[in-house]
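Participant:
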Amino acid sequence: MIRDKIFLCLLSVILALVVVCPVSAAAGHLSSIDLIESAYRNGEIGYSEAADYKVTAIFRPDSLPAMYRSKGIIKSATPIIMEARLNKHLLSPENQRILAKGRVTTLTDLYGSGVTLQSYASPEGRFRIHFTTDNTNGDAVPAGDTDGDGTPDYVEQFAVILDNVWTTEIGVLGYDAPPSDETEGGDCLLDVYLADLPAYGFTQIDEFDPASMVYMIFENDFAGFPPNTDPEGQVTGDMKVVAAHEFFHTIQFQITEDICTSGWWMEASATWMEDYVYPEVNDYINYIDYWFHYPQLPLNTYNSIDCTGNGAHSLFPYGTTIWIKHMTEKYGSKFVYDVWNKIKDGVPNVSALSAVNEALTDRGTTLEEELKELRVANVTMTYEDASWYQSWQSVNTDPTLQPIVVEYSGNNPGFSSSVAYTDVSILPLATKYYSFSAPQGSGNLTIDFNGIGNISVMVIGFNAGDTSYDVTEVVTDLNNDGSVIINGFDSAGPYSRIVVIPANYSTESTSSFSMTVSYTNTPSGSISSIDVKPDTTSLVTGDNGINGKQQYYIIITDNSGKQVLQSGTTWADNSPYIDIDGNGLAVVTNVVTGEGITASLQSFLSTAVLSAASPATMPAGTPRACAANKSDSRCFIATAAFGSPLHPYVGLLREFRDSYMLTNPMGRWFVTIYYNNSPPIAEIIKDNSGLKAIVKIFLIPAIIVSWAMLKTTLSEKIIIAVLLAILINIILYLRKNIFKTYVP
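Okay, here's the thing in structure tokens:
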């Protein structure tokens, strides 16, 4: 009792320290992978050591050095395994063995020896879920079984979720299903294994099989995982997102495994997919703060050690789903489909980035234009889920969690002087943010800019309550020089805060800029013109219940030809299906063709043209070639006798089948007859311990022959054959003589 009280007191002190001394949100979420990658970036360990530790973190976390062990959740272990497959030669012998082994050995290592696996086919006959109720190694699924049918509710619920994911991704969105794996896992259904993991799950490619032959491994209970907003609860939400995310990986692997050119797009689009299929969950929001906090990193950052991570947090690519969501809010889900098709149809190793550029060109826009709008939206929070971003701390109550806001490279409160930023470098497809808050009293702000390379500047002027804003772009000359005067820079308004966003739109080269921002009392000249941008926009409306939207911005000049930002612009449209607010944000609620958007200031006005089409109806993707149905468990005799398809003897018999039986017509005929007649016999055997023992005895000769044929050299086979021949002759001799002796 005293010991318990002491423990409770210590626990209370620890909890109090956590509340009083919070650390950054990033530190609070660091997984083992983050710790390993950080050590590599800091020069504490080499590349091969880091790559090896990352594999260990997935498959043998208890074997990691203590400094790299963490309870932080890994969003998806798939990219880690893909990276390791590319660098097997750098791994330890044990981790090389883990990656080189076949599925049966992989799963035996995962669950441990002696653990019996059960299986359950999904209602639509598309997935076979393998699970255990043996918690010896912590892999048991929750035991609840409401309907008392012998299959845990957790497994049945997962099966329904997976079928729904298949229907959406294959049937509605038009992607091709992964091909059949023949009889791996017992039948041709797509296999899912539930086990205790440090991650939501991962997709594994069958070693020595075609790259598109895959299976998935998911967490067995999701206890202690981050919160989400699923109305059915956090665990159900996690089940939904891992199913949608990892199943999309099985689709992607039919197209490419090149993580260095497309890894960022793989993870970002898989995260987008989970939100598209299950928008009520919002699990992705747990990972976007890293993306907002590192705007200085390229859009296509992928933090594989062997690629171009640029020191990013490993969750950065998952946050890049923000950009894909932004694109699909404008152009619909077919944008993602088109990018993947362009990767598929392009030259070998075509990059995701070039495919994105092509898909945008097809829509009459450019990556530069779309990123300008994205960088603005990061501040104005005009995303579909923006209200969740701004209130996520009420969902995830981790005291270390920070608000989801962009990180400013320069934050200047009460700004009433001058500041210069000189020769500031920006990586390709990256940006920086600078904020200037106005002092009391009427004044103006002048921004003078010079860029080197493909770099430009967006400027946002917010009113006193940050409830409304105006957007402009600094117009530059042939030398990439430009300036803008902000009229009315005052804490009381009209502009109490100015955000300046220089961005590099080159896909390959680092650019730089110099910028001077000065507070002044000198106003601009009188307004002489206003121009609205972009001139022409074609959107998609109503995809997955989300209407297309477009952020317009203005270019104002005064009578001396200088660029100005001045409040008072009025926005209007001439369609009942377009809603445009006072900030220039237009939302299209129905199909429109060539409707007008008007921006007016004083006596000057400018118009743009807006169209919106219905979302594309996609034909269903190619189905999986699989003849099994949901009631066909394919529980073959050996599997029933030994209790699991992962039993080493079952694996040995399967290997003999593949190496000797399926390589000739007579063997294939026998296997076909066996497949057709084995399941009902196996169903009888699996629930009868006496029959199991008898079958095991009868299978001993087949196991011995399989071992001899598969695991011995030619000389060893000859020796065994000679010994068998001698043994048979001895038996025949004894039988003949004994028979003669005792027959009257």
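Take 935 as the starting number for the sequence shown in this note's numbering and just add one per residue. Glycine included, each C-beta is placed from N, C-alpha and C at the ideal position.
#1: Evaluate K1259 with the Cβ neighbour count: other Cβ atoms within 10 Å of its Cβ, from every protein chain shown; 16 or more gives buried, anything less gives exposed.
#2: Roughly how many angstroms separate the alpha carbons of Y981 and D996, rounded to a whole number?
#3: Can you check which of these residues, V1498, I1662 and F1182, is closest to I1461 by C-alpha distance?
#4: Indicate the three-state DSSP secondary structure (helix, strand or coil) for H1024 in the structure shown.
#5: From the DSSP output, in three-state form, read off R1062 for me.
#6: Skipping 5 residues on each side, what residues in its chain have a beta carbon closer than 7 Å to that of N1330?
#7: CB-CB under 6 Å to D1437, same chain, minus the five flanking residues each way: which ones, in chain order?
#8: For the alpha helix (DSSP H) containing M1173, name the first residue and the last one.
#9: Quick one: give me the first and last residue of the alpha helix (DSSP H) that W1326 is part of.
#10: Of the residues M1261, I1389 and A1372, which one's Cα is nearest the Cα of D1424?
#11: Quick one, are the C-beta atoms of L1473 and Y1265 less than 8 Å apart?
#12: Give me whichever residues DSSP pairs with L1128 in a beta bridge.
#13: Since E1529 is in the beta strand (DSSP E), which residue starts that stretch and which ends it?
#14: For Y1112, count the other beta carbons within 10 Å of its own beta carbon; 16 or more makes it buried, fewer makes it exposed. Which is it?
#15: Return the CA-CA distance between D1223 and Q1230, expressed in angstroms with no decimal places.
#16: Mind checking which residues open and close the alpha helix (DSSP H) that includes I967?
#17: With contact counted as at least three CB pairs below 8 Å, one residue from each stretch, are the stretch 1280-1293 and the stretch 1193-1213 in contact?
#18: With burial defined as no fewer than 16 other Cβ atoms inside 10 Å of the residue's Cβ, what is the status of E1650: buried or exposed?
#19: Determine the contact status of T1503 and A1542, defining contact as a CB-CB distance below 8 Å.
#20: For P1428, does the three-state DSSP call read helix, strand or coil?
#21: Report the partner residues of T1454 according to the DSSP bridge assignment.
#22: Starting from the C-beta of E1442, find all residues in its chain whose C-beta is less than 7 Å away, skip the five residues before and the five after it, and write them out in chain order.
#23: Taking the alpha helix (DSSP H) that N1291 falls in, what are its first and last residues?
#24: So if DSSP puts E1041 in a beta bridge, which residue, or which two residues, is it bridged to?
#25: Starting from N1421, trace the beta strand (DSSP E) both ways and give me its first and last residue.
#26: In angstroms with no decimal places, state the Cα-to-Cα distance between H1064 and A1133.
#27: Starting from D1513, trace the beta strand (DSSP E) both ways and give me its first and last residue.
#28: I'd like to confirm the pairing. Which residues does DSSP put opposite W1505 in its beta bridges?
#29: Cβ of N1283 within 7 Å of any heavy atom in the ligand SAH?
#30: Just to confirm before moving on: does the CB-CB distance between F1226 and E1118 stay below 8 Å?
#31: Closest to A1000 by CA distance: which of T990, V1522, K1009 and I1008 is it?
#32: Shortest alpha-carbon distance to R1588 belongs to which of I1631, A1627, L1539 and M1643?
#33: Which whole-angstrom value describes the C-beta separation of I1464 and F1370, a residue pair presumed to lie in contact below a C-beta threshold of 8 Å?
#34: Look at the Cβ atom of A1293, then the Cβ atom of K1276, and state whether they are nearer than 8 Å.
#35: Quick check: K1467 and Y1439, are their CB atoms within less than 8 Å of each other?
#36: Taking R1019 as the reference, give the member of T1235, K988 and R1062 with the closest Cα.
Facilitator: Judging by the given coordinates:
#1: Mapped onto the sequence shown, residue 1259 falls at position 325. Burial call: buried.
#2: Here residue 981 corresponds to residue number 47 of the sequence shown, with the count starting at 1. Here residue 996 corresponds to residue number 62 of the sequence shown, with the count starting at 1. Their Cα atoms are separated by approximately 21 Å.
#3: In the sequence shown, the residue the question calls residue 1461 occupies position 527. Closest by C-alpha distance to I1461, out of V1498, I1662 and F1182, is V1498.
#4: In the sequence shown, the residue the question calls residue 1024 occupies position 90. Position check: residue 1024 holds Leu in this sequence, whereas His was assumed. The three-state secondary structure of L1024, taken from DSSP, is helix.
#5: Here residue 1062 refers to the residue found at position 128 of the sequence shown. If DSSP states are grouped into helix, strand and coil, R1062 belongs with the strands.
#6: For the purposes of this step, residue 1330 is taken as residue 396 along the sequence shown, with counting starting at 1. Answer for N1330: P1160, P1161 and N1220, listed in chain order.
#7: Along the sequence shown, one-based indexing puts residue 1437 at 503. The identity of residue 1437 in the sequence shown is Ala, whereas the question assumes Asp. Excluding residues within five positions, the ones whose Cβ falls inside 6 Å are R1309 and T1365.
#8: By 1-based counting over the sequence shown, the position of residue 1173 is 239. For M1173, the enclosing alpha helix (DSSP H) covers residues Q1168 to Q1186.
#9: Locating residue 1326 in the sequence shown gives position 392, where the first residue counts as 1. For W1326, there is no enclosing alpha helix (DSSP H), as DSSP marks it with neither H nor E.
#10: On the sequence shown, residue 1424 is found 490 positions in, with the first residue counted as 1. The option with the nearest alpha carbon to D1424 is A1372.
#11: The residue given as residue 1473 occupies position 539 in the sequence shown. The residue given as residue 1265 occupies position 331 in the sequence shown. Yes, Cβ-Cβ distance for L1473 and Y1265 is below 8 Å.
#12: Taking the first residue of the sequence shown as 1, we reach residue 1128 at position 194. Answer is F1152, bridged to L1128.
#13: The sequence position of residue 1529 within the sequence shown is 595, counting from 1. Where E1529 is concerned, the enclosing beta strand (DSSP E) stretches over V1526 to L1535.
#14: Counting from one through the sequence shown, the residue named residue 1112 turns up at place 178. The sequence given here places Pro at residue 1112; Tyr does not occur at that position. Buried, because 16 or more other Cβ atoms sit within 10 Å of the Cβ of P1112.
#15: For this step, residue 1223 is matched to residue 289 along the sequence shown. For this step, residue 1230 is matched to residue 296 along the sequence shown. Counting only the Cα atoms, Q1230 lies some 14 Å from D1223.
#16: Here residue 967 refers to the residue found at position 33 when the sequence shown is read from its first residue. Segment S966 to R975, the alpha helix (DSSP H) holding I967.
#17: They touch, by the three-pair rule.
#18: Position 716 of the sequence shown holds residue 1650. Its Cβ having fewer than 16 others within 10 Å, E1650 is exposed.
#19: As a working note, residue 1503 is residue 569 in the sequence shown. As a working note, residue 1542 is residue 608 in the sequence shown. It is not a contact, given that the beta carbons lie outside the stated cut-off.
#20: The count along the sequence shown starts at 1 and reaches residue 1428 at position 494. Here P1428 sits in coil by DSSP.
#21: Walking along the sequence shown from the start, residue 1454 turns up at place 520. According to DSSP, T1454 bridges with N1378.
#22: Here residue 1442 corresponds to residue number 508 of the sequence shown, with the count starting at 1. Hits under 7 Å: P1362.
#23: Within the sequence shown, residue 1291 is the residue found at index 357, counting from 1. Element bounds for N1291: A1286 to D1296.
#24: For this step, residue 1041 is matched to residue 107 along the sequence shown. The displayed chain sequence assigns Leu, not Glu, to residue 1041. According to the DSSP secondary-structure assignment, L1041 is paired through a beta bridge with no residue.
#25: On the sequence shown, residue 1421 is found 487 positions in, with the first residue counted as 1. Judged by DSSP secondary structure, N1421 falls within the beta strand (DSSP E) whose first and last residues are D1415 to N1421.
#26: Mapped onto the sequence shown, residue 1064 falls at position 130. Mapped onto the sequence shown, residue 1133 falls at position 199. It is roughly 18 Å from the alpha-carbon of H1064 to the alpha-carbon of A1133.
#27: For this step, residue 1513 is matched to residue 579 along the sequence shown. I1512 to I1514 is the extent of the beta strand (DSSP E) around D1513.
#28: As a first step, residue 1505 is located in the sequence shown; it is residue number 571 there, counting from the start. According to DSSP, W1505 bridges with A1533.
#29: Looking at this structure, you won't find the ligand SAH or any other ligand, since it has none at all.
#30: To locate residue 1226, count along the sequence shown from 1; it is residue 292. To locate residue 1118, count along the sequence shown from 1; it is residue 184. Contact: no.
#31: Here residue 1000 corresponds to residue number 66 of the sequence shown, with the count starting at 1. If you compare the alpha carbons of T990, V1522, K1009 and I1008 with that of A1000, the shortest gap goes to T990.
#32: Mapped onto the sequence shown, residue 1588 falls at position 654. It is M1643.
#33: Within the sequence shown, the letter at position 530 stands for residue 1464. Within the sequence shown, the letter at position 436 stands for residue 1370. Not confirmed; about 23 Å, so no contact.
#34: The sequence position of residue 1293 within the sequence shown is 359, counting from 1. The sequence position of residue 1276 within the sequence shown is 342, counting from 1. Result yes, Cβ atoms of A1293 and K1276 sit closer than 8 Å.
#35: Stepping through the sequence shown from its first residue, residue 1467 is reached at position 533. Stepping through the sequence shown from its first residue, residue 1439 is reached at position 505. For K1467 and Y1439, no; Cβs fall outside 8 Å.
#36: As a first step, residue 1019 must be located in the sequence shown, where it is residue number 85. Here the closest residue by C-alpha is K988.
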